[in-house]
Every structure is written in C-alpha cells, then in structure tokens.
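Mapping of the sequence shown onto mature numbering (1 follows the signal peptide of the UniProt record, and there is no 0): residues -31 to -1, 1 to 557, in sequence order.
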Amino acid sequence: MFFVRTCRDGRKTAASWTTAALLLAGASLLAAPLGVDALAQGALPVSKPQAAARTAPSTSAAASPAPANALPAAQPAAPAFDPATLPPLSAAVYSALQARTVPEKIALAYQARQYKPLWLDDDGVFETAHLAINAFASANDHALNPENYDPIGLAARVESAATEADKAQLDVDLSLQFVRYATHLSSGRVQPNEVNKALNIFPHVPDPLALLQEVGNRGSFADVLDNLAPISPSYARLKLRLAQYREKAANGGFTVVPDGEVLKPGMTDVRVPVLAQRMEQEDYLEPGAHSGEIYDGTLVQAVKDFQSYHGLSVDAVIGKETLAQINVPIRQRLIQMELNMERRRWMPDDLGDTYIFVNLADQNLKVVKQGHTMHTARVVVGKPFHATPVFSHNMTYVEINPYWTVPSSIATNEYLPKLRKDPTALSAQNIRIFKGDTEVAPTQVAWNSYSAGNFPFRLRQDPGKSNALGRIKFMFPNKFNIYIHDTPSKSLFSQSERFFSHGCIRVSDPFGLAEVLLGDQGYSLPQLDALRDSGERKVITLKTPIPVHLTYLTAWMNKDGSTHFRKDIYGRDETLLKALAKAMTDNL
C-alpha cells in the first residue's frame, strides 16, 4: 500500500520527507513531482567504470573517477532491424525512447531486449512496478525524499494506463525513477567531492544497464531492492536509531533543562527531576529510576554515559558545555543521523579484512581485524583552518625514529619569521637547513631577503624525543601528505576536543598501534621499544598493505546500542545539509 497525505490544497503527496529537507525547504516539499524529461537531462547519473561490488576505493590518488553524472545522456543507437517489425507494445516503447533524451545505459537496456517493456510482465501486469513504487514511497526510511521518485503519480498511472503508448511511457518513466532511486540509495544523493573538496571519496555508483537487466530477468525483485542499500551493520544500526528518534520526536521530543548554576554530584537543585526526565527520554535512565531533587546515584551515572556518548569530559558535572548538548533539540539530532546515513552511503561496504578507521569528528582511531576491534586510541587531528581531509589509502610502511621535513607552509609562515630575528633559533630544536642536498649554516643566510615566494631551503628535524613526529610515523603515501605519527606533546590527548594539528594525525599510543600492525611480522612491543631506543632510523615495510579510512561522522550507533553524537567542528554537516536541500528542491 502507499502512504499518502492530503495537502491543504487537496493534492496528495508522499507521507514523509527527511527532517533536513523539511527544515530547509519548507513548503517546497509540496512542489509537483519531478518531470521525467528533467530526469533524463542530467539529473540521472550515467554509470562510471567501477567494480560491481561496493568495495574499498582505489588507493591511487591519481585514479579518482569522474562524478557520477559527468557523462552526457545519449539517444539510443539506431537498431539493426526495422522498427516496423516490432510488436505493437515494443514499438510503442521504441517510440517513447526516440521521442526524448534518456541516459545511454537505460536506452541500451531496452535495445538489448528488443524494446520489450521492463516493468510490464507477460500477463500485462505491472507487478514488479508495484514493488518498486512501494520502495519509492518508503524512501524516507533511508533519509531520502520520496517525492524525488514520484510514487503517487506512478501509482496512479499504473492504474490508469490503457493505451500502448501510455504503458510504454510509464515503463520508461519507471526505469528512470528506479535508476535514480537505486543510485541515491546505493551511493548517496550527492557526490561528496562536489559538496566539499576535502571529501576525497568517490562512491560506487550502480550500473543502470545492470540494474535494468536484473529487472528484465524477472528474478526476485525483492532481492534486487534489498541489495541496493549499504549492507554494513553501521548503516543498518543508524537507520534503526533514526526510526526510533523519529518516534521520540512524534511523542514530544526532549524536555529542556533550565539554565542555572553548575550542577555537581551531591547537590540539591529543583532542576534535578527535569534532568532525570531528560535522561529517561533518551534511554540513559530507566523510567522512575531516580526521584527527588538530590543529584546522585543512577542519575549521576546516566549523565556520565551521556557525556561519554557526546565526546564530552566524563565528570558528571552539568556545566555550560554539557547543558548545551543536553538541550540540543531532537530535530537537530534527526538531521545529524540523516546526514550521516548519506555519508555511510558514500563508504564501501567492504573496508578491508584488516583496516584502520579514523573518525575525525570523534578524534579517535581503531584497528579492525575480521570485524573485531583490536586497538583503539585517541588522536589529534587538524585545526578547523587546517582541516584533515577525508580519504582512503593503503598504509605501506612504518618508520621508527623518523626525520621530520618541515612542510613549506610551516617553514615560511612560522619558522622564517623566527630565523629573521635569530638565525640560530631552530638549532635548539635540532632543525637543520638544506639547499638542495647541501646543508647550510643558518648564520650565513640573509633571511630578510627571503619570503614564501622565493624560499629555496628545506628544513629538516633530526630524530629524537623533541622531533615533531615523535619516535614513529605510519605512512600511507597520498597527495595530501597526511600520515599518522607520534608526538612529544602528550598532554593534548587528555582534552575532550583535540583539533590542534596542521592536518596530520597524532596518535596517543603509537607503539601499541605498531605492535598490532606489525605483530604478524614478528615485531613484539619490547622489540619495537628497542628499535626506538637505539635512536637509529628504521623503516619497516608492511607485507600486506593496510587500508586507512579517514572519515567524518557526527552521528553513529555502536554495536552495544549506544548512540553517539559529535559537534560539527569542521562545519561539514552544515555544508552537506545545504547541498542535500539544494539537490532535493532542484529536482522537485
């Protein structure tokens, strides 16, 4: 059945849209369904060369595929037969395709089957179409906009199509909308690199020809639909939590805890019952588990859990930051979950048998082997104005006691002013200066003669305890020159927010990480410590490269059922929200 609602002007429309679009687009969600000719003229992606499965992306930075909608639509090639010999319905399909511009792969799907309808079965029934239209109507379950796929209009046409021309036009329109829906559900509503150049990921886009061939094969269409969405458990968990939070929103959302003095465990405050109610609403506290105005017991633990799941300092103190997170409206949490479902669609289902996963928004790293988390560590990532990019690459080697070659931007922006004041300023940091391969005495250089535009020098810091990279670095060579490394600034890891670097990733337990990655090659922690203490530079090549995935997720649900949210430090939620709203309203 279709879920519909009646607008004030009497029109029927899909029952629900994503919260994000509702908030940003307002009344525009009541716009007329997208015309299929607009679909054909660039709104639908044409497939790009890529593997059939949603697998880990290529690790070659130079091999980034083109955006999904980069290829132009094309008219179907002239058939090698006389269209006049086609059966009447096939001839009507052929005419429908000739009368409009459609993506090439869709035209080829019909051409390959002599223009027989894809959705009208041999008994003249649109049975598969009903399943597809029901899926379109339920797109909101996946944080997609049902109106983009016109389920109401298509359903009406299924019932009313009488002539062969009507049926042929409907068949082509169903194919266009199905490919659109499959693309959005499988690889995302927008292409990440078009939203933000710091998002260097290129999702797998399903091949329209292959999709429509599956429809035409008359197999289990339910299986075809089931295989479209990401199969990763993380996506399924977030989808489940989104539905649960929507129900909470329908039941009134979250109670606002009033502002007041900082609330600490053991204090008595009239706001405590309100706080308890708020913790119950998000399942941090069992209903009725706490009573009275004393902030103690189970309520203290509930607040600690809340703080942990929101990336806050876990001290049970209700200060400004914790109160602000408690009072984030539920609609904002719904938006976060919807945005992160889109991000999950960008990711491959198969991240690798063994992989490193860094969530930049969470500032944490984990090593996963065969589905089990083997190691976790806090990390420091880029400052907002030196934001760490999102991408995936293979780690190929580890370097103990590394040199640090100072990036040119740091050399000219931070160190050159120091050298102008005191040519020996960098000596205490064991930073040496080279011109080409020749070391230069800093006192022999007229530093005032140089600027960022004519700086010919290379600054290199020797290995040691004060080295900016610490005693070890983990290399996954990439065009951004981003890597994971140790640091002498250990105190930063104790902070709840750790956005302090120029873009590279500092890890809190580097030799613990090295042991996990190199243990299979015979390196124990004592052996690694001995290599470090030798002071000698040592490069260890990984026998099997390990995928490193740098991601940016501000909402997720763990295996244990805990729901986590993080602040959007880089402003990428806002950017994605605007891009999604624009994409939705552009196509209505």
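C-beta: ideal position from N, C-alpha, C; glycine also. Bear in mind the structure is a predicted one, so any value in this text is a computation, not a measurement.
Since S155 and R314 are thought to touch, with beta carbons under 8 angstroms apart, how far apart are those beta carbons, to the nearest angstrom?
Contact flag correct, Cβ pair sits at about 7 angstroms.
Roughly how many whole angstroms lie between the Cα atoms of K217 and P514?
The alpha-carbon atoms of K217 and P514 are separated by roughly 44 angstroms.
Helix, strand or coil for T544? Go by DSSP, reduced to three states.
In this structure, T544 counts as helix in the three-state DSSP scheme.
Just to confirm, is the Cβ distance from V353 to F534 under 8 angstroms?
Note on residue identity: the sequence assigns Pro, not Val, to residue 353. No, they are not a contact pair.
Tell me whether A437 counts as near the ligand ADP, meaning its Cβ is closer than 7 angstroms to at least one heavy atom of that ligand.
The model depicted lacks the ligand ADP and carries no ligand whatsoever.
Put G257 into one of helix, strand or coil per three-state DSSP.
The answer is coil: DSSP assigns G257 none of H, G, I, E or B.
What does R501 pair with, by DSSP beta-bridge criteria?
Bridge partners of R501: none, in fact.
What residue does the alpha helix (DSSP H) around Q266 start on, and which one ends it?
According to the sequence as given, residue 266 is Gly; it is not Gln. 266 to 278 is the span of the alpha helix (DSSP H), which, as asked, contains G266.
Can you say whether residue 563 is buried or exposed, counting buried as having 16 or more other CB atoms within 10 angstroms of its CB?
Residue 563 cannot be examined here, being either before or after the span of the chain that is shown, -31 to 557.
Starting from I441, trace the beta strand (DSSP E) in both directions and tell me its first and last residue.
441 to 444 is the span of the beta strand (DSSP E), which, as asked, contains I441.
Mapping the DSSP letters down to three states, classify K132 as helix, strand or coil.
Before going further, note that residue 132 is Thr rather than Lys in the sequence given. Here T132 sits in coil by DSSP.
Alpha carbon to alpha carbon, how far is E466 from R347?
Going from the Cα of E466 to the Cα of R347 covers about 10 angstroms.
How far does the alpha helix (DSSP H) with T532 in it reach, from first residue to last?
Run containing T532: none in the alpha helix (DSSP H); it sits in the beta strand (DSSP E), 532 to 534.
For the candidate residues E543, A524, A552, Q160, whose alpha-carbon lies nearest to that of R206?
When each option's Cα is compared against that of R206, the closest is A524.
Verify whether the separation of the beta carbon atoms of R215 and N370 is less than 8 angstroms.
Not a contact, by the Cβ cut-off of 8 angstroms.
Quick check: what's the CA-CA separation for S377 versus R427?
Going from the Cα of S377 to the Cα of R427 covers about 8 angstroms.
Considering only the alpha carbon of each residue, which of A212, D176, L211, G185 lies closest to L197?
L197 has its Cα closest to that of D176, out of A212, D176, L211, G185.
How is E88 classed by DSSP in three states: helix, strand or coil?
In the sequence as presented, Glu is not what sits at residue 88; that position holds Trp. Three-state DSSP puts W88 in coil, outside helix and strand.
Helix or strand or just coil, what does DSSP make of I451?
Here I451 sits in coil by DSSP.
Rounded C-beta distance between A483 and V367? I'm assuming under 8 angstroms.
Confirmed, Cβ separation roughly 6 angstroms.
Please report the residue range of the alpha helix (DSSP H) in which L292 lies.
Here the alpha helix (DSSP H) through L292 covers 289 to 295.
Would the beta-carbon of M248 fall within 8 angstroms of that of L268?
For M248 and L268, yes; Cβs fall inside 8 angstroms.
Report the residue from A112, I379, M343 whose alpha carbon sits nearest the alpha carbon of L209.
Closest option to L209, Cα to Cα, is A112.
Going along the chain, which residues of its own chain have a beta-carbon closer than 7 angstroms to the beta-carbon of S203, five neighbours each way excluded?
If we look at S203 and ignore the five residues flanking it on each side, its Cβ neighbours are R313, W525.
In three-state DSSP terms, what is F190?
In the structure shown, F190 sits in a helix (DSSP, three-state: H, G or I).
Can you list, in chain order, the residues of its chain whose CB lies under 7 angstroms from that of T357, leaving out five sequence neighbours each side?
Excluding sequence neighbours, T357 sits near L329, V350, G351, I451, G472, I474, L519.
Is it a yes or a no for the region 173 to 191 touching the region 62 to 81, going by three-plus beta-carbon pairs under 8 angstroms?
The region 173 to 191 vs the region 62 to 81: in contact.
Roughly how many angstroms separate the alpha carbons of A32 and I379, rounded to a whole number?
The predicted position of A32 is uncertain, since its pLDDT is 39 and thus under 50; a value taken from the coordinates is nonetheless stated next. In a straight line, the C-alpha of A32 is about 29 angstroms away from that of I379.
Tell whether a beta-carbon distance below 8 angstroms holds between G127 and T152.
According to the sequence displayed, residue 127 carries Val and not Gly. Against a cut-off of 8 angstroms, the Cβ pair of T152 and V127 comes out as no contact.
Have a look at I441 and D502 and give me their C-alpha separation to the nearest angstrom.
In a straight line, the C-alpha of I441 is about 11 angstroms away from that of D502.
Run through DSSP, which three-state label would L(-3) get?
Only weak support exists for where L(-3) lies, its pLDDT of 28 falling under 50; the value from the coordinates is given anyway. In the structure shown, L(-3) sits in a helix (DSSP, three-state: H, G or I).
Among the residues of its own chain, which have a CB less than 7 angstroms from the CB of V485, if the five just before and after it don't count?
The residues are V336, M343, H344.
How would you write the range of the alpha helix (DSSP H) that A106 sits in, first residue to last?
From DSSP, the alpha helix (DSSP H) with A106 extends over 96 to 106.
So what's V231 in DSSP terms, helix, strand or just coil?
Coil at V231, not helix or strand.
In the structure shown, what three-state DSSP assignment does Y79 receive?
In the structure shown, Y79 sits in a helix (DSSP, three-state: H, G or I).
Measuring alpha carbon to alpha carbon, tell me which residue in L281, Q270, G185 is nearest S463.
Checking every option, the nearest Cα to that of S463 belongs to L281.
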